[in-house]
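J.: Mind looking over this structure? Questions follow.
Protein chains: 2
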Amino acid sequence: MQKKAIVNKLRSSGLRPTKQRVLIARNLFERDKTFHFTVETLNKEINKKGSDKVSLATVYNTVEAFTKAGHIKQILTSKSKSYFDTNIKSHHHFYDEDSKELTDINYNQVKLSKVPHPPKGKKIKNLEVVIRLQK
Amino acid sequence: MQKKAIVNKLRSSGLRPTKQRVLIARNLFERDKTFHFTVETLNKEINKKGSDKVSLATVYNTVEAFTKAGHIKQILTSKSKSYFDTNIKSHHHFYDEDSKELTDINYNQVKLSKVPHPPKGKKIKNLEVVIRLQK
DNA sequence: TTTATAGTTTAGAATTATTATAAACTAGAT
DNA sequence: ATCTAGTTTATAATAATTCTAAACTATAAA
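Residue numbers (the working numbering), protein chains in the order written: chain A, 38 to 172; chain B, 38 to 172.
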């Protein structure tokens, strides 16, 4: 993804393309593989190189803004820390209990043949499967 | 569940049936419905009545011990707080994004017709589906 | 262009969730 | 009854996140 595309992406979701947001967005979206991260890991990534520094508060703000805009998505975990994923397509995860690592599972590798009706007045927004692994 | 059964449950998992553990266990397991909770909510429950007080640290310790023993299970969420469930059977959840509430879905209301092979050397420990709801 | 202003960033404080510590206590074996 | 390892407790420490309010900036309008 080129810088121009990044800027458009931000603009299209009502976010001003500030220096900090563009920097974070490039770090997130100019990758080959999808990226699983916490605010802490992203903050380290962003601030390690001699590059321009971004404050931790801004990393928090930006991650929240990107999540609301649907550019990244929050992952379901059983930890007291928030995890995010640059893969926003409907997909599922392996969670390895030994290594504590998350891996994507392609959407078409899981098929549900029966799903309950949502309660009245509610719609299904999405559906995620987490498969816990052990040795 | 009677007190004696509670005591056995604790003993069988190598936990001494102390006053505090029995109190917490009764609060958790002598319920009609399954119970979704955080340490904070459980702590309030336990300590509200004029009954014997249990320290917050003990509530944390006990919840951890019960989880390890498999008497309760940790729920997958996208929050920076740990949620637990007294329903340890394989089952799934609705997560209502508006009210932030979790509801159990019976195991047999969800059917998977295709599940990926686990990576080499790993076994599937369990599989959980979370259905996110919106208005 | 300047200028005005709403949106954004920032350091640091405040809050919330959890884990660690080490002294006092207790269940259960001897 | 006594001993001891396991447990509880208040409190401190740490970790994750949110808040605050002052400084800064993108951008729309003059």
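A virtual CB, placed ideally from N, CA and C, is assigned to each residue, including glycine.
(1) Would the region 119-129 of chain A and the region 159-170 of chain A be scored as touching if the rule is three or more Cβ pairs under 8 Å?
(2) If distances are taken between C-alpha atoms only, which option among A/60, A/43, A/64, A/40 comes closest to residue 122 of chain A?
(3) Could one say the Cβ of residue 159 of chain A lies closer than 8 Å to chain B's Cβ atoms, at least one of them?
(4) Pull up the CB-CB distance for residue 159 of chain A and residue 147 of chain B, whole angstroms please, since I reckon it's below 8 Å.
(5) Starting from the beta carbon of residue 133 of chain A, find every residue of chain B whose beta carbon is closer than 9 Å, and list them in chain order.
(6) Using a Cβ-Cβ cutoff of less than 7 Å, which residues in the same chain neighbour residue 118 of chain B once the five nearest sequence positions on both sides are dropped?
(7) When we look at the beta-carbon of residue 120 of chain B and count the other beta-carbons within 10 Å, is it buried (16 or more) or exposed?
(8) Can you give me the C-alpha to C-alpha distance between residue 67 of chain B and residue 135 of chain B, rounded to a whole angstrom?
(9) Starting from residue 78 of chain A and walking both ways along the beta strand (DSSP E), at which residues does that stretch end?
(10) Name, please, each residue of chain B whose Cβ falls closer than 7 Å to the Cβ of residue 167 of chain A.
(11) Please report whether the beta-carbon of residue 142 of chain A lies at a distance below 8 Å from any beta-carbon of chain B.
(12) Excluding the 5 residues preceding and the 5 following residue 47 of chain A in the sequence, name in chain order all residues of the same chain whose CB lies nearer than 8 Å to its CB.
(13) Using a C-beta to C-beta distance shorter than 8 Å, which residues of chain B count as neighbours of residue 151 of chain A?
(14) Find the residues of chain B that neighbour residue 57 of chain A, judging by a C-beta separation of less than 7 Å, and give them in chain order.
(15) Which residues share a DSSP beta bridge with residue 104 of chain A?
(16) Which residues in chain B have a C-beta closer than 7 Å to the C-beta of residue 162 of chain A? List them in chain order.
(17) What does residue 165 of chain B pair with, by DSSP beta-bridge criteria?
(18) If you drop the 5 nearest sequence neighbours on each side, which residues of the same chain put their C-beta closer than 7 Å to that of residue 43 of chain B?
(19) Report buried or exposed for residue 144 of chain A, applying the criterion of at least 16 other Cβ atoms within 10 angstroms of its Cβ.
(20) Can you pull the chain B neighbours of residue 118 of chain A, defined as C-beta to C-beta under 7 Å?
(21) Under 8 Å between the Cβ atoms of residue 112 of chain B and residue 149 of chain B?
(22) Out of A/157, A/141, A/133, which has the shortest C-alpha to C-alpha gap to residue 161 of chain B?
(23) Name the one or two DSSP bridge partners that residue 112 of chain A has.
(24) Could you tell me which residues DSSP pairs with residue 140 of chain B in its beta bridges?
(25) Within the same chain, show all residues whose beta-carbon is closer than 7 Å to that of residue 71 of chain B, passing over the 5 residues directly before and after it, in chain order.
(26) Can the beta-carbon of residue 98 of chain B be found less than 8 Å from the beta-carbon of residue 90 of chain B?
T.: On the basis of the coordinates in this document:
(1) Touching, yes, given that three or more Cβ pairs across the two stretches are closer than 8 Å.
(2) A/64
(3) yes
(4) 17 Å between Cβ atoms; not a contact.
(5) 156, 159
(6) 75
(7) Buried, because 16 or more other Cβ atoms sit within 10 Å of the Cβ of residue 120 of chain B.
(8) Inter-residue distance for residue 67 of chain B and residue 135 of chain B is about 30 Å (C-alpha atoms, whole angstroms).
(9) Secondary structure note for residue 78 of chain A: it is in no beta strand (DSSP E), and the uninterrupted alpha helix (DSSP H) holding it is 76-85.
(10) Per Cβ cutoff of 7 Å: 113, 165.
(11) True, the Cβ-Cβ gap to chain B drops below 8 Å.
(12) 53, 54, 58, 59, 62
(13) 146, 147, 148
(14) Listed along the chain, the chain B residues whose CB falls inside 7 Å of the CB of residue 57 of chain A amount to none; the nearest CB is some 23 Å away.
(15) Answer is none; residue 104 of chain A lacks a bridge partner.
(16) 134, 169, 170, 171
(17) The partner list for residue 165 of chain B (beta bridge, DSSP) reads A/167.
(18) 59, 62, 63, 66
(19) exposed
(20) 117
(21) no
(22) A/133
(23) A/120
(24) DSSP output for residue 140 of chain B lists B/131 as bridge partner(s).
(25) Excluding residues within five positions, the ones whose Cβ falls inside 7 Å are 122, 123, 124, 141.
(26) no
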